[in-house]
Structure formats: C-alpha cells, structure tokens
Amino acid sequence: MVKINTVLGPIDPEDMGLTLPHEHISAGYPGWECDPLSRPYDREKIVNVCIKNLEPIKKYGVKTIIDATPLDLSRDVEVMKAVSEKLQIHIICSTGRYKENGGKWFYFRQREEGKIGEMKTELYEGFMRELTHGIGLTGIKPGVIKVASGLNQISSCEDASLRAAARASKETETPIMTHTEDGTMGPEQADLLISEGVKPHKIVIGHMCGNPSLEYQEDVLIRGVYIAFDRFGIEMLVPDKVRIAMLVELLKKGYEDRIMLSQDFIGCSFGRGGRMPEEMLKLVMNWSFTNIFHNVIPALKKAGISDKQINTMTIDNPMRYLSGISS
Ligand SMILES: [Zn+2]
C-alpha cells in the first residue's frame, strides 16, 4: 500500500481529502537574509503568522497542502511541522531547486567549475539524501520534488536539476512538480522529464494558468501530464477572469482529470516584502489561501462546471498524482 510522506510522517492517500497542491507555508527570495532591515528570524512568530493566514482554509474543509518551497527559497520544515500540528492539516514538503535566475546556484556552479554533468550527479545525490534519510536532522521526508525553469528557456543548471529530479523520482517513486515562468517551457519540461523515464502521471507542470493560450495548454496536456492552475489571485500576471475562462474551456473539452487548482500563496514571506504601488496592490487584493473557495469555484459553478468536476480537480487528482495512480 502506497503511503504519502507528510511533515508529521506517512499517511494513507485516502486521508488527503481536499488538497491545495501548490502553496508556500513560508518562503523568502535569496538575499532577504542579508538585508539588515529584514525582520529577525523568529520561528515562533513565523509560525503564528502562518497559522493566522492558514486558519481560514479550515472552514472550507482543506485537509492537505503541498508546500512547493524548494531548498533554495529558505524552506523551513520545522515551521511546517509546527503549523501542521497546530492546525491539524497534512503538509507535504518538497526537495528540489528553484530556477537559475531566482534561486541559489553560485555554490554549485563554483563547485563544479561549470561541469554540468557533475552538477547533475551532485543535485541527484542531494535530492536522494532528503528523500531517503530526511531533511537535515529532522527525519522529515519530502513527498515531492520541485524543479523550475526561467522565462522561455531551460538553462544548463535548470536542465541539470530537471534531469537529477527525474533520476531521483524514478528511484524513489516520488512525483515531480515544476515552476514555469509565466507558463513558458511547459512542453519542453514535460518532454525532458518523460525522456528521462518519468511517467507523465507523476508530473505536474506548474503555473500554466500564466499562459493565456488554449492551444498551448492542450499542447502540454496531450503529453499526459497534469497541469496546475495554481496562481489564482496574482492578477498582475493574468487576471483571474482570464484564468477562469481558459479553465472552463479546458473542462468543457474533458480535461478535468489532469488539472489541479491552487494559489501559490505564501503564509509568511521573509524580508521586508516587495514595494508595490497602490494600483498593483489592487491586483493582489484577492490573493490568499482561500481565493479559490471564495471566488474561483463559485465562478466555475456559474459557468456550468459541476461539483463532480471540481472534486476531481481538488480531491481526486492530487491524491492520484501523489499515489502514482495513472488514471
Ligand atoms: Zn510557488
């Protein structure tokens, strides 16, 4: 019987229930820790902020969150563990790496003096270490591998990371989730991972709702992978109205068994936060852990999408993906 690793230990797939498949309990972009004006790292305070932001999901019946924070965005599994215990929700954490322009790559680049083949091996060994022994000394094992690429290209470091993830995924049966920049390189990510031997049903191509082309969505979907509409609420990238219209079209075409919904929200962001002009702030007004339930699902229902289709996307798909069931 397949078990799913959470930060509090393994659970049965049937216990996952309603799942948000791409959120961040806490995260920070590299460099925040070198800003003397950043708030000091106080884990207790961080946990309290996360709990305040996450508590509203309880009323919608969310049982499980997949935390998509890779190693290099200040992932903190102790925070996840405390939040999971206090809120009584399952949290599944990730191993893996962020995109080259945005993550922490200097160390590996320097270590390998540009030899990408060796970097690939070292990344693989690192992912395997976390997947088989646990993260640091915590004993907490990741349930997914998160990898990423940048805008309109997969750089050599990102290529190494995707291939390392594929190898670790095959050996441990761990599924892979990706970050695409504005939904670009989706077909290329899928092709690369599949060519390395990962089964399509063990791959989620992320942030696909960032690319408002139906043709493009289908170009990824025909490869058999999952896609995530996982940035509802970040309306300066793509308005939710556009994401919803695109989703309705895909659902009408029968793709509900390959789509997942989430928000990419961050319970506690480290550092001082981005400076945003007033008009930009309006474009993230609805961004939260509950935007899907407040705004997106009601809009889908209004457009004729059934409860069954919604449950497929929010309950069945994350469960099938994590337990490796192909259809
Ligand atoms: Zn994310």
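The opening position of the sequence shown corresponds to residue 9 in my numbering, with each subsequent residue numbered one higher. Don't be surprised by glycine CBs; every beta carbon is placed ideally from N, CA and C. This one's a predicted model, so the numbers in the text were calculated from it and none came from an experiment.
Neighbourhood of residue 227 by C-beta distance below 8 Å, restricted to the same chain and skipping five residues each side: As a first step, residue 227 must be located in the sequence shown, where it is residue number 219. 194, 195.
beta-carbon residue 173 near ligand 1 non-hydrogen atom, thresh 7 Å: Here residue 173 refers to the residue found at position 165 when the sequence shown is read from its first residue. Checking every heavy atom of ligand 1 against the Cβ of residue 173, none is found closer than 7 Å.
Residue 75: CB within 7 Å of a non-hydrogen atom of ligand 1: Within the sequence shown, residue 75 is the residue found at index 67, counting from 1. Residue 75 Cβ: outside cutoff for every heavy atom of ligand 1.
Start and end residues, beta strand (DSSP E) containing residue 75: Working through the sequence shown from its first residue, we reach residue 75 at position 67. Residue 75 -> beta strand (DSSP E) spans 70 to 75.
Residue 190: CB within 7 Å of a non-hydrogen atom of ligand 1: For the purposes of this step, residue 190 is identified with residue 182 of the sequence shown, where counting begins at 1. No, Cβ of residue 190 sits at least 7 Å from all heavy atoms of ligand 1.
Extent of the continuous beta strand (DSSP E) run through residue 29: Taking the sequence shown and counting its residues from 1, the one referred to as residue 29 is at position 21. Residue 29 -> beta strand (DSSP E) spans 26 to 35.
Pairwise C-alpha distance: residue 225 and residue 316: Mapped onto the sequence shown, residue 316 falls at position 308. Mapped onto the sequence shown, residue 225 falls at position 217. About 22 Å.
C-alpha gap between residue 125 and residue 131, whole angstroms: Reading the sequence shown from its first residue, position 117 is the one you call residue 125. Reading the sequence shown from its first residue, position 123 is the one you call residue 131. Spanning the two alpha carbons is a distance of roughly 10 Å.
Complete alpha helix (DSSP H) runs within the segment 119 to 149 (minimum length 4 residues, chain order): List check, alpha helix (DSSP H) in window: 124 to 141.
Contact test: residue 23 Cβ vs ligand 1 heavy atom, cutoff 7 Å: In the sequence shown, counting from the first residue as 1, residue 23 sits at position 15. Not so, every heavy atom of ligand 1 lies at least 7 Å from the Cβ.
Beta strand (DSSP E) segments (min. 3 residues) lying fully within the segment 48 to 108: Listed in chain order, the complete beta strand (DSSP E) runs (minimum 3 residues) inside the segment 48 to 108 are 70 to 75, 98 to 100, 102 to 104.
Same chain only: Cβ atoms within 8 Å of residue 58, ignoring 5 sequence neighbours per side: Walking along the sequence shown from the start, residue 58 turns up at place 50. Excluding sequence neighbours, residue 58 sits near 33, 34, 87, 91, 275, 276.
Heavy atom of ligand 1 within 7 Å of residue 98 beta-carbon: Sequence index remark: in the sequence shown, residue 98 carries index 90 (1-based). No, the beta carbon of residue 98 sits no closer than 7 Å to any heavy atom of ligand 1.
Beta strand (DSSP E) runs contained entirely in the segment 218 to 290, provided each spans 3 or more residues: 234 to 237, 267 to 269, 274 to 277
Residue closest to residue 64, alpha-carbon to alpha-carbon, out of 299, 118, 322: Reading the sequence shown from its first residue, position 56 is the one you call residue 64. That would be 299, whose Cα lies nearest to the Cα of residue 64.
Segment contact, 8 Å Cβ cut-off, at least three pairs: the segment 134 to 149 with the segment 170 to 178: yes
Where residue 203 falls, given that 16 or more other Cβ within 10 Å makes a residue buried: As a first step, residue 203 is located in the sequence shown; it is residue number 195 there, counting from the start. Exposed, by the Cβ-count rule.
Element boundaries [alpha helix (DSSP H), containing residue 325]: Residue 325 sits at position 317 when you count from the first residue of the sequence shown. Here the alpha helix (DSSP H) through residue 325 covers 325 to 331.
Residue 372 to residue 100 span [Cα, whole Å]: What is shown of the chain runs 9 to 335, which leaves residue 372 out entirely.
Rounded straight-line distance, which links the Cα of residue 247 to that of residue 291: Start at 1 with the first residue of the sequence shown, and residue 291 comes out as number 283. Start at 1 with the first residue of the sequence shown, and residue 247 comes out as number 239. Roughly 8 Å separates the two Cα atoms.
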